[in-house]
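A.B. asks: Remember, my numbering sits 234 above the position in the sequence shown when you count from 1. Glycine included, C-beta positions come from ideal geometry on N, C-alpha and C. Dumping the structure here so I can ask a few things about it.
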Amino acid sequence: MERQLEVKAPVFDRSLAEERAAALGAEFRETVWHVDTYFPVPRGRLKVREFVRGGELIYYEREDTPGARESRYQVLSVAEAGALRRMLAAALGVAATVTKERRLWVLDGARIHVDTVQGLGSFVEFEVPAADEAAARATVERLMAAFDLTPADCIAGSYADLLAGGAAS
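Below you can see the structure in the form of structure tokens.
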């Protein structure tokens, strides 16, 4: 499985978050709208992410702790994400559905997401590849400092957890 370090925190001013990304030298890549449908599984999280065209099947394992946390994941591109979602929903049921707009910035391989999540508000999320653990931790620390975040500002779970009323800090 691939590995990355993740940080997720609420933001009260999306424009300020994007200004901070730009000030770091991050490159704005795109705005993406997608729906994540989560399915109940015995361990980790399984979701289908649907884009306007196509999507992904994503499985990941991650501790629900605030601040930087390691995520181990697998992603499979799928052409018929809606059909896959319907099939998995019929077989497993649906645990949660998350709809969001994501503005993607990239800085030296790190992904900076400025997300607006339906029913929750706005968030900033960092995803830093963790092939080199020390370098990944240094990048996370740099990003957290630039965005004026401490571990106490971060959320522990996923957007699906927040929508269900849990794992907020």
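Where does Pro244 fall in DSSP's three states?
C.D. replies: Looking at Pro244 - three-state DSSP - the assignment turns out to be strand.
A.B. asks: With a Cβ-Cβ cutoff of 9 Å, do Ser305 and Arg376 count as a contact?
C.D. replies: Taking 9 Å as the Cβ cut-off, Ser305 and Arg376 do not qualify as a contacting pair.
A.B. asks: Within a Cβ cutoff of 6 Å, which residues of the same chain sit near Ala364, ignoring the five residues on either side of it in sequence?
C.D. replies: Contacts found: Arg237, Gln238, Leu239 and Ala370.
A.B. asks: Does the distance from the C-beta atom of Thr271 to that of Glu284 stay below 9 Å?
C.D. replies: Closer than 9 Å, so yes.
A.B. asks: Could you pull the start and end residues of the beta strand (DSSP E) that Thr373 belongs to?
C.D. replies: Unbroken run through Thr373 is the alpha helix (DSSP H), Glu367 to Ala380; no beta strand (DSSP E).
A.B. asks: Note down, in chain order, each residue of its chain lying with its Cβ closer than 7 Å to the Cβ of Ile292, except the 5 sequence neighbours on either side.
C.D. replies: Here the set comprises Lys281, Arg283, Tyr307 and Val309.
A.B. asks: By Cβ distance, which residues of its chain are closer than 6 Å to Ala257, with the 5 residues on each side in sequence left out?
C.D. replies: If we look at Ala257 and ignore the five residues flanking it on each side, it has no Cβ neighbours.
A.B. asks: Can at least three beta-carbon pairs, one atom from the region 339-357 and one from the region 379-399, be found at a separation below 8 Å?
C.D. replies: Cβ pair count under 8 Å is three or more, so yes.
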